[in-house]
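Notes follow the structure.
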Amino acid sequence: AHGGVAGRDGTAKRRDGRGAEEGKTSAAMSSDEEVRAAEDASAVAADAVADDPYNGEKDSGSDGAEAKEGERKRERKERKERPAPRPAVPIKVGELRPGTSGHHVTVKVLAHKTVVDRPRGDGSNLLIAESVVGDDTGVIVFTARGKQVDALKEGAVLELRNAKIDMFKGSMRLGVDKWGVVEAATDAASIEVNEDNNMSAVQYELVTVDKGDGN
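Per my numbering, residue 1017 is the first one in the sequence shown, and the count goes up by one each step.
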């Protein structure tokens, strides 16, 4: 009986011995892997230093270059995200309606004024102007933003591509988002403007339609 117990103890001891040996082998392998990882990290760091003439140090003058590079990256991203242009849908000012978009409107600028001109937190400038534009069917208030404001010159004939209608206090405002275009008309023929039909003077009321329960 004692021999059997001893045998079991002996077996257990042998297993413990193998476990200790395996532990040593595993520790040795881990140590080798750590050494190789450290060597690889050193090599990567050396390559990075070789590629960087400033050895990781940059002067304060690089901040402006980084800002410009960031702006260029945003512009490239916007160009990639820009949807394919839809066919232009020519429309007259008098035909514009709330909630519509994708319009191509040719209008003449009658008057304009800057309504917002202030710096943003990122250092850029927020510029918004409103202008009265129209054609032979009517006039409407056009809200221009950023670089679009440069095109607002009294008497200028503009093409507004991918234009949309925004609502402001129940009245229509014509706008062009960042995917649209505001440019001088290719055929800048004189436009007779009908100032008697002011589309922005028409007040619209939001009505909730109750579809009911179908009974």
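Think of the CB as a built atom: it goes at the ideal place given N, C-alpha and C, for glycine as much as any other residue.
Residues 1123, 1125, 1158 of the same chain have their beta carbon placed closer than 6 Å to that of residue 1149, with the five preceding and five following residues left out of the count. The beta carbon of residue 1169 lies closer than 7 Å to those of 1125 in the same chain, with the five residues before and after it left out. Nearest neighbour of residue 1223 by Cα position, chosen from 1181, 1186, 1172, 1133, turns out to be 1186. Note that the C-beta distance between residue 1200 and residue 1190 is not below 7 Å.
Short of 6 Å from the beta carbon of residue 1220, and not among the five residues preceding or following it, lie these beta carbons of its own chain, in chain order: 1114, 1186. Beyond the five residues adjoining it in sequence on each side, residue 1209 comes within less than 6 Å, by CB distance, of 1124, 1150 in the same chain, given in chain order. Here residue 1154 is near residue 1110, since their CB atoms are less than 7 Å apart.
A residue is called buried when at least 16 other Cβ atoms come within 10 angstroms of its Cβ; residue 1142 does not meet this threshold and is exposed.
When DSSP states are grouped into helix, strand and coil, residue 1198 belongs to the strand group. Bounds of the beta strand (DSSP E) holding residue 1176 are 1173-1184.
Taking a C-beta distance under 7 Å as the contact criterion, residue 1144 and residue 1121 do not qualify as a contact pair. With respect to the 7 Å criterion, residue 1215 and residue 1112 are classified as neighbours on the basis of their beta carbons.
In this structure, residue 1119 keeps its C-beta atom at 7 Å or more from the C-beta atom of residue 1132. Per DSSP, residue 1108 is not a residue of any beta strand (DSSP E), being assigned neither H nor E. In this chain, the beta strand (DSSP E) harbouring residue 1151 covers 1141-1151. Each residue's CA atom was taken as its position, placing residue 1146 and residue 1088 some 28 Å apart.
Taking residue 1218 as the centre and dropping the five residues before and after it, the same chain places the C-beta of 1187, 1188 closer than 8 Å to its C-beta, in chain order. Nearest neighbour of residue 1211 by Cα position, chosen from 1130, 1128, 1152, turns out to be 1152.
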